[in-house]
Amino acid sequence: MDTTTVLVTITLLLALCFDFFNGFHDAANSIATVVSTRVLSPRLAVVWAAIFNFIAAFIFGIAVAKTIGSGMIDVHQITQYVVL
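With our numbering, the residue at position 55 of the sequence shown is 241, and numbering never jumps.
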């Protein structure tokens, strides 16, 4: 494998890990509220969070991602070296 492929692979893995842990902690903030007040059991709170996060992706769509991903940068100016 060439160096660029290795660096891109490592960068992607680190980004996925960051997103996983960031989302993990964000969900914990909303779950902690209902669990600490004993409104829901921890298990039920996690199930509710998972269900509503999944549903929200379909209801709210990808409008934010489209806004951020279009028109902000000229994609013809970006090479793999700029990304790295």
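For each residue, glycine too, the CB sits at the ideal point set by N, CA and C.
Using 8 Å as the threshold, is the C-beta distance between isoleucine 217 and alanine 243 below it?
For isoleucine 217 and alanine 243, no; Cβs fall outside 8 Å.
Contact defined as beta carbons within less than 8 Å: I believe valine 220 pairs with alanine 231. What is the distance between those atoms, to the nearest angstrom?
The Cβ separation is near 5 Å, so the contact holds.
Just to confirm my understanding: we take serine 227, look at its own chain, exclude 5 residues before and 5 after, and list those with CB closer than 8 Å. What are they?
Contacts found: Val221.
Could I get the ranges of all uninterrupted beta strand (DSSP E) runs contained in the region 200–242, with 3 residues as the minimum, in chain order?
Complete beta strand (DSSP E) runs here, min 3: none at all.
Do you know how far the Cα of isoleucine 237 is from the Cα of methionine 258?
The straight-line gap from Cα to Cα measures roughly 33 Å.
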